[in-house]
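K.L.:
Each protein sequence line maps, in turn, to chains H and Z. Note that the numbering used here has the first sequence beginning at 1, numbered continuously upward. Note that the numbering used here has the second sequence beginning at 82, numbered continuously upward. The following block contains the structure, expressed as structure tokens.
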Amino acid sequence: MELSVADLRPGQKGVIKEFGEDEIPVKLLELGCLPGNLLELVQVAPLNDPLYIDVNGSHIAIRRDIARRIMLDVKEDSSTR
Amino acid sequence: MNKSIKVALIGNPNTGKTSVFNQLTGLKQKVGNYPGITVEKKEGVCKLSNGQKAHIIDLPGTYSLNTTSLDESVVVELLLNKRNEDFPDVAVVISDIENLKRNLLLFTQIKDLKIPTLLVINMADRMVKKGITLNIKELEKKLDTRIALVSTRKGTGIEELKTSIENYSTLSTEAIINASHIAPEYFERLQKTFPGEDLYKLWLVITQDINFMPVEKNRLQNSELLPTKSKAELKRLQHKETIYRYQFINKVLKETYKVDPSAATGFRASIDRILTHKIFGYVIFILLLLLIFQAIFDWSQYPMDFIDAQFASASEWIKETLPPGVFTNLLAEGILAGIGGIVIFIPQIAFLFLFISLLEESGYMSRVVFLMDRLMRPFGLSGKSVVPLISGTACAIPAVMATRNIENWKERLITILVTPFTTCSARLPVYLIIIALVIPQDTILGISYQALTLMFLYFLGFATAIISASILNRMLKIKGRSFFMIEMPSYKLPLLRNVAYTVVEKTKSFVVGAGKIILAISIVLWFLGSNGFSDEFKNAEEIVTERIVNEGFSTHSKAFISDKLEEYKALDRTGAREGLNADNTDLQKGSIELKTREFQEAAKGQEIASFRLEHSLIGNIGKSFEPLVKPLGYDWKIGIAILTSFAAREVFVGTLATIYSVGNDQEETIKGRMAAEINQDTKKPLFNLASGISLILFYAFAMQCMSTLAVVKKETNSWRWPLLQLGFMTVFAYLVALITYQILD
């Protein structure tokens, strides 16, 4: 199933597949946000934004508009939690 | 020739780079968990075992050599410019064991610049807990470098690092990744156009976001031979380069770096669930803020009272020991009172920096940013603006510098422009003295009006900052890619050494900086106040004596004499009641006459002094300035104090102390003297509710701080913003003070 990071529930994981229409900042790539890497949505801030993710061992918070551009391959069974 | 080895420490934020620096140089410096805390250039000297010295620079933290902020471009500029006097003989890349993979990205980039490069793997103490094993020998071979496994927390591995620095000349200077793979044709043409230049260096210069080294960049862009690439194309190539580098790194680490997943603990995750919870998160943050304010306004009261007493007795001592005269007054009331006015803030500033550095060191500050980002955005601010706004309650200067890690230029600029509205500690002396003068001491529901006023002023500061931010947000037409990212580092127990060093360093620079200004201004004021060219100034004594003989004392002096007498009589009666001198009415009468004469003499002295002051140089300046401040309810003395406190707000009280002591020989507190000031037009006390509130509001809004202006100039790299800030804030403050006085009066 293909979802963007913004569609995940906390605790859900997925493998980064590709980036949406807009380019994503190089800085995110540098931190390990690369196709093929596992990404977990750790937590969502109280007002639904920003999102706290763990990718490649980097714990970072990004805003929803960027998160929407990161497309993931999510296994159905990992969504139970 | 025993030339010292030049060493540059480079690394990602939160790798403990500054801790390594501390241990190498012995100079205790600051280390923070908040990305970008290492902003200023830090240098130190390290003695190596063979007697040689290493000159060490601690560079700002960066994730790569693709810069997006000024801080990062400092790193790139240094590494690309061989002519730079700090160009390193050896680059030491600091990484941490848990994030080795991403740290190595920066390492490979630096290595490709063909600079001798060492790798430090820090936080080795966490290896066992995290179940990490590392084949260092193999890793050294694959990365073509030498590795030092270090734990700054335990203090291990530093000696090995020093040895490696000593032998830097044996390090390989071969590139390990050939970046031209990402676009072979383009790179080939690049090399042909600039045959003498290093290829990877050229690539870095072309792709920088920040317009640094303009000469070099222009030279590249103006070259007709250079195949042009659009910005988007360059970005795509940067993506490609990053992916390419990670492929290499993954291959290397696969064989050398093992993590046992069963050993990993969810410590960070479980704390984060509480600290960033949608209710508890905010509750904890607000409680922490309350704790900070409690410390600043309650706990610091005790050391502040102590400091106040010390300065009072020192000033007393000077007056008793030195011969009386204007110079003694300058020393006792001007300089000492002025310096005391600053020193008294040490407890508050120290508390504030203590808390801020604890929050940063522990990793909590990033969580605050995470919690607040969405709340701040409608005002054109970022979650990262919270830190400057909180730091602004201590001082706007470090606060403005703390905006550097806000990625979006518009958000950053707005934060810089509104931060000076927060109630900084320099406003406190002004607020405190005026509140004590004009706000009644009564309480409502057990809370004093005075405390409420002060709280309201803090609230007012934040509110003004937020409101002006949303106005600026609408007015400023700056397009910026809104890209926000903050690292959520693992929680760490703050290192007390680092915290203590921050507190001492920041407090010291505040006191020394403000102290210098106050000292200079006190002396200038004293000179201007005790010199004059007019006849009135020269013959002050005769003129005033004549006036007293002809017209009697002024109302103010009469009140002064009778007050003093009442005080004396009351004292006497107490003595009488206690039976110490039961029947000595005659003696008492005699002594009252004696005392009356004494007080009259004192009053005359005051009148002469204040007449002389009025006609001194400072008086002339102040008088010419008076029409401007009169509509706000101030007299020329306050006008002078406002003028001098353009340099720094806290100078206000010191200036009044100097002016009033020049005008008054009597030993009295500044507060008492201010309460006794008379409005020349109404013959009523100058400080009433209307003029007091007007003055407080003026200080709440006015940009009375040259140092902040200088920092804003530096941070925005133009005079436009600080001047705009100065103009807007001053006009706004003037208007608010004017309206307030006219309505209340």
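Every residue gets a Cβ at the ideal spot worked out from N, C-alpha and C, and that includes glycine. In this text, all values refer to a predicted model and were calculated from it rather than measured experimentally.
Skipping 5 residues on each side, what residues in its chain have a beta carbon closer than 7 Å to that of Z:Val449?
P.N.:
Within the second sequence, the letter at position 368 stands for residue 449 of chain Z. Cβ neighbours of Z:Val449 beyond the five flanking positions: Phe366 and Val467.
K.L.:
Starting from the beta carbon of Z:Asp225, find every residue of chain H whose beta carbon is closer than 7 Å, and list them in chain order.
P.N.:
Counting from one through the second sequence, the residue named residue 225 of chain Z turns up at place 144. Correct list: empty, because the minimum Cβ distance to chain H is about 21 Å.
K.L.:
State the Cα-Cα distance for the pair Z:Lys211 and Z:Val173, rounded to the nearest angstrom.
P.N.:
Here residue 211 of chain Z is taken as the residue at index 130 of the second sequence, counted from 1. Here residue 173 of chain Z is taken as the residue at index 92 of the second sequence, counted from 1. Each residue's Cα considered, the two are about 25 Å apart.
K.L.:
Along the chain, where does the alpha helix (DSSP H) containing Z:Tyr249 start, and where does it finish?
P.N.:
Numbered from 1 along the second sequence, position 168 holds the residue referred to as residue 249 of chain Z. Looking at the DSSP string, Z:Tyr249 is not in any alpha helix (DSSP H), and its letter there is neither H nor E.
K.L.:
Assess contact between the region 42-51 of chain H and the region 356-373 of chain Z, defined as three or more Cβ pairs (one per stretch) separated by less than 8 Å. Is contact present?
P.N.:
These segments touch.
K.L.:
Does the separation of the CB atoms of Z:Phe434 and Z:Thr337 fall below 9 Å?
P.N.:
Here the question's residue 434 of chain Z lines up with position 353 in the second sequence. Here the question's residue 337 of chain Z lines up with position 256 in the second sequence. No, these two residues do not count as a Cβ contact at 9 Å.
K.L.:
Would a C-beta distance cut-off of 9 Å place Z:Asp454 and H:Asp49 closer than the cut-off?
P.N.:
What you label residue 454 of chain Z is simply residue 373 of the second sequence in a count that begins at 1. What you label residue 49 of chain H is simply residue 49 of the first sequence in a count that begins at 1. In contact: Z:Asp454 and H:Asp49 (Cβ atoms closer than 9 Å).
K.L.:
Any C-beta of chain Z sitting closer than 9 Å to the C-beta of H:Lys27?
P.N.:
Working through the first sequence from its first residue, we reach residue 27 of chain H at position 27. Yes, contact with chain Z.
K.L.:
Using a Cβ-Cβ cut-off of 7 Å (strictly less than) and excluding sequence neighbours within five positions of Z:Asn612, which residues of its own chain qualify?
P.N.:
Your numbering for residue 612 of chain Z matches position 531 in the second sequence. Ser697 and Leu698.
K.L.:
Which chain H residues sit within Cβ distance under 8 Å of Z:Leu186?
P.N.:
Numbered from its first residue, the second sequence carries residue 186 of chain Z at position 105. Result: Glu30.
K.L.:
Taking the CB atoms as reference points, tell me whether Z:Ile567 and H:Ile60 lie closer together than 9 Å.
P.N.:
Here the question's residue 567 of chain Z lines up with position 486 in the second sequence. Here the question's residue 60 of chain H lines up with position 60 in the first sequence. Yes, the Cβ-Cβ distance between Z:Ile567 and H:Ile60 is below 9 Å.
K.L.:
By the criterion of Cβ-Cβ separation under 8 Å, what are the contact partners of Z:Ala350 in chain H?
P.N.:
Numbered from its first residue, the second sequence carries residue 350 of chain Z at position 269. The answer, in chain order, is Val42.
K.L.:
Just by C-beta distance, which residues in the region 3-26 of chain H are closer than 7 Å to chain Z?
P.N.:
Residues passing the 7 Å Cβ filter: Glu23, Pro25 and Val26.
K.L.:
Please go through the same chain and pick out, in chain order, the residues whose beta-carbon is closer than 7 Å to the beta-carbon of Z:Pro521, but skip the five residues on each side of it.
P.N.:
Taking the first residue of the second sequence as position 1, residue 521 of chain Z is located at position 440. Counting only Cβ-Cβ distances below 7 Å, and skipping sequence neighbours, we find Tyr530.
K.L.:
How do the region 570-588 of chain Z and the region 810-820 of chain Z stand: do at least 3 beta-carbon pairs fall below 8 Å, yes or no?
P.N.:
The region 570-588 of chain Z is not in contact with the region 810-820 of chain Z.
K.L.:
Identify which residue in Z:Ile420, Z:Gly461 and Z:Glu679 has its Cα closest to the Cα of Z:Pro510.
P.N.:
Start at 1 with the first residue of the second sequence, and residue 510 of chain Z comes out as number 429. Checked all of Z:Ile420, Z:Gly461 and Z:Glu679; the closest Cα to Z:Pro510 is Z:Ile420.
K.L.:
Excluding sequence positions up to five away, which residues of its chain have a Cβ less than 6 Å from the Cβ of Z:Ala413?
P.N.:
On the second sequence, residue 413 of chain Z is found 332 positions in, with the first residue counted as 1. Answer for Z:Ala413: Ser396, Ile399 and Lys400, listed in chain order.
K.L.:
Is the region 260-275 of chain Z in contact with the region 196-208 of chain Z, if contact means three or more CB pairs nearer than 8 Å?
P.N.:
Touching, no, given that fewer than three Cβ pairs across the two stretches are closer than 8 Å.
K.L.:
Using a Cβ-Cβ distance under 9 Å, would H:Asp73 count as near chain Z?
P.N.:
Taking the first sequence and counting its residues from 1, the one referred to as residue 73 of chain H is at position 73. It does not: the Cβ of H:Asp73 has no partner Cβ on chain Z nearer than 9 Å.
K.L.:
When you check each C-beta in the region 314-327 of chain Z against every C-beta of chain H, which residues fall closer than 7 Å?
P.N.:
Cβ contacts with chain H: Lys316, Gln319, His320, Thr323, Ile324 and Tyr327.
K.L.:
Give the DSSP-derived three-state secondary structure of Z:Lys711 in the structure shown.
P.N.:
The residue labelled residue 711 of chain Z in the question sits at position 630 within the second sequence. Three-state DSSP puts Z:Lys711 in a helix.
K.L.:
Rounded to whole angstroms, what's the CA-CA distance from H:Pro10 to Z:Leu498? Just pull it up for me.
P.N.:
As a first step, residue 10 of chain H is located in the first sequence; it is residue number 10 there, counting from the start. As a first step, residue 498 of chain Z is located in the second sequence; it is residue number 417 there, counting from the start. Taking the straight line from one Cα to the other gives about 37 Å.
K.L.:
Would you kindly check if the distance between the Cβ of Z:Leu159 and the Cβ of Z:Ala135 is under 9 Å?
P.N.:
Taking the first residue of the second sequence as 1, we reach residue 135 of chain Z at position 54. Taking the first residue of the second sequence as 1, we reach residue 159 of chain Z at position 78. Against a cut-off of 9 Å, the Cβ pair of Z:Leu159 and Z:Ala135 comes out as no contact.
K.L.:
Starting from H:Glu34, find everything on chain Z with Cβ-Cβ shorter than 7 Å and list it in chain order.
P.N.:
Locating residue 34 of chain H in the first sequence gives position 34, where the first residue counts as 1. Sequence inspection shows Leu at residue 34 of chain H; the Glu mentioned does not correspond to that position. The contacting residues are Ile324 and Tyr327.
K.L.:
Shorter than 9 Å from the beta carbon of H:Ile70 to some beta carbon of chain Z?
P.N.:
Along the first sequence, one-based indexing puts residue 70 of chain H at 70. Judged by the 9 Å Cβ criterion, H:Ile70 is not in contact with chain Z.
K.L.:
Is it buried or exposed for Z:Ser381, if we count other Cβ within 10 angstroms and need 16 for buried?
P.N.:
Position 300 of the second sequence, counting from 1, holds the residue named residue 381 of chain Z. So Z:Ser381 counts as buried.
K.L.:
How is Z:Glu632 classed by DSSP in three states: helix, strand or coil?
P.N.:
Mapped onto the second sequence, residue 632 of chain Z falls at position 551. In the structure shown, Z:Glu632 sits in a helix (DSSP, three-state: H, G or I).
K.L.:
Report the neighbours of Z:Ile548 on chain H: residues whose CB is nearer than 9 Å to its CB, in chain order.
P.N.:
As a working note, residue 548 of chain Z is residue 467 in the second sequence. Those within 9 Å of Z:Ile548 in chain H number zero; the least Cβ separation is about 20 Å.
K.L.:
Anything in the region 43-61 of chain H with a Cβ closer than 8 Å to a Cβ of chain Z? List those residues in chain order, please.
P.N.:
Here the close residues are Gln43, Ala45, Pro46, Leu47, Asn48, Asp49, Pro50, Tyr52, Asn56, Gly57, Ser58, His59, Ile60 and Ala61.
K.L.:
Can you find a CB in chain H that lies within less than 9 Å of the CB of Z:Glu336?
P.N.:
Stepping through the second sequence from its first residue, residue 336 of chain Z is reached at position 255. It does not; no Cβ of chain H falls within 9 Å.
K.L.:
Would you kindly check if the distance between the Cβ of H:Glu30 and the Cβ of Z:Arg183 is under 9 Å?
P.N.:
For this step, residue 183 of chain Z is matched to residue 102 along the second sequence. For this step, residue 30 of chain H is matched to residue 30 along the first sequence. Contact: yes.
K.L.:
By Cβ distance below 7 Å, which residues in the same chain neighbour Z:Thr534 in space, the five residues on each side in sequence not counted?
P.N.:
Within the second sequence, residue 534 of chain Z is the residue found at index 453, counting from 1. The residues are Ile516 and Ile520.
K.L.:
Could you tell me whether any Cβ in chain H is nearer than 9 Å to the Cβ of Z:Val120?
P.N.:
On the second sequence, residue 120 of chain Z is found 39 positions in, with the first residue counted as 1. Confidence is the limiting factor: at Z:Val120 the pLDDT is only 46, short of 50, which leaves the residue's position unreliable and the question unanswerable from this model.
K.L.:
Using DSSP with H/G/I as helix, E/B as strand and the rest coil, what is Z:Tyr144?
P.N.:
Here residue 144 of chain Z refers to the residue found at position 63 when the second sequence is read from its first residue. Coil at Z:Tyr144, not helix or strand.
K.L.:
Any residues in the region 123-145 of chain Z with a beta carbon nearer than 8 Å to a beta carbon of chain B? Which ones, in chain order?
P.N.:
Of the protein chains in this structure, namely H and Z, none is chain B.
K.L.:
Would you say Z:Asp206 lies against chain H (beta-carbon separation less than 9 Å)?
P.N.:
Within the second sequence, residue 206 of chain Z is the residue found at index 125, counting from 1. It does not: the Cβ of Z:Asp206 has no partner Cβ on chain H nearer than 9 Å.
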